[in-house]
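Position one of the sequence shown corresponds to residue 821 (my numbering), numbered consecutively onward.
C-beta: ideal position from N, C-alpha, C; glycine also.
Notes follow the structure.
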Amino acid sequence: MDPSREGGLLAWQFENYPKGHRNRRNLALHAATAPLFIAGTCAVVLAPFASTWFLAFAVPAVVLPLVVQGRGHRLEANPPSPFQGPGDFAARLFVEQWVTFPRYVSSGGFARAWREAGAGSPLERSQVTSSAPPASASPAVESAQRRTVIVPAVKVRAVPVPDGGLAAATFPNVDYADAYAVGLPPGVTARTFTDAVFASSPRWVTALLALRNALVRPLGLIATRSPLERAAAPDDGGARIGIFPVLAEAGDEVLLGLDDRHLDFRLSVRVVDDGRERLGVVATLVRFHGLLGRAYFVPVRPAHRLIVPAMLRHGARSLAAARPVHADAG
């Protein structure tokens, strides 16, 4: 064993991973393509039991991430360690996509690197200060024009899945569940919060979902249909928020979800007061349909843990920007 890899490949790669994954463009490229690679390797395994479509998808799904991530690493100040041969290349590649990158995301390392890469940018705190008032302006006008509009930093955190509510009776058995919470301005309702989070998404999330739809469209999943196809479906006449059907709404909770051939999912969106602040909580509950659902969710899970907090952060920022805090510039 290489003495520089004491503890094994898994420990060595994870320990050194943050050094070579600090550039935001590289991080975004990994987030978009690591799930694709996992899906491609799953397709290779499933092809003999499902369809030759899986093999047609598998080759580009495995090769494209190699090309894209290789270009992403050129943006980093610290390049990857040289490979020690074909076997080392294959081992490091599979371990990174299947274990190290998902672990990097779930441990908070990805989010931390993303924030640090954007330190000093307007992503965490945006300020808009007016130009200096004319010399003839009155003191009141001058004071108003010199105010700074501050959108506070937004922090999203993982929380236990709430008990009860509309989602409680959704499934008799749940195969996967998680929940995330974010602070909200006073007076925000569950419906307003749901609209802010799901009616629009960050552009990179929209692009990632479009990529997913294109790749798994041969499976005939409802979730990958275009808006026009969904509107034409005879069983799709209900209300929607963004791409998600609204299944129920009651007081402080909105329930979104969809039943598909590979899995069923529910998104429970709540607004609660914990005694200190008003929180928006989004819980995800998933029920798999056989091997297809479980295989599909393997690459989706790390992407889900990245996308949902990003959408909460995006929604909370839009709500905070609509109710900004003012402070004197001088």
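{"Query": "Limits of the unbroken alpha helix (DSSP H) element including residue 935", "Result": "929–937"}
{"Query": "Alpha-carbon to alpha-carbon, residue 1132 and residue 1074", "Result": "15 angstroms"}
{"Query": "Delimiting residues of the beta strand (DSSP E) encompassing residue 1072", "Result": "Looking at the DSSP string, residue 1072 is not in any beta strand (DSSP E), and its letter there is neither H nor E."}
{"Query": "Beta-carbon spacing of residue 982, residue 1103 below 8 angstroms", "Result": "yes"}
{"Query": "Reference residue 1088; option with closest CA among 1112, 1022, 1013", "Result": "1013"}
{"Query": "Neighbour-count burial assignment, residue 1009, 16 or more Cβ in a 10 Å radius", "Result": "exposed"}
{"Query": "Chain-order list of residues whose beta-carbon lies under 6 angstroms from that of residue 855 (same chain, five-residue window excluded)", "Result": "1119, 1123"}
{"Query": "Supposed close pair residue 895, residue 843 - CB separation, criterion 8 angstroms", "Result": "4 angstroms"}
{"Query": "Contact check, residue 1061 vs residue 1015, beta carbons under 8 angstroms", "Result": "yes"}
{"Query": "Limits of the unbroken beta strand (DSSP E) element including residue 1104", "Result": "1098–1108"}
{"Query": "When 1072, 859, 905 are compared against residue 1099, the one with the closest alpha-carbon", "Result": "1072"}
{"Query": "Residue from 864, 925, 905 whose Cα sits closest to the Cα of residue 847", "Result": "925"}
{"Query": "With 16 other Cβ atoms within 10 Å as the buried cut-off, status of residue 916", "Result": "buried"}
{"Query": "Residue 893 versus residue 882 - alpha carbon distance", "Result": "17 angstroms"}
{"Query": "Start and end residues, beta strand (DSSP E) containing residue 977", "Result": "976–978"}
{"Query": "Segments assigned beta strand (DSSP E), at least 3 residues, entirely inside the stretch 855–913", "Result": "none"}
{"Query": "Secondary structure of residue 1090, DSSP reduced to three states", "Result": "strand"}
{"Query": "Classification of residue 831 by the beta-carbon crowding that lies within 10 angstroms, buried from 16 upward", "Result": "exposed"}
{"Query": "Backbone secondary structure at residue 1007 - three-state DSSP", "Result": "coil"}
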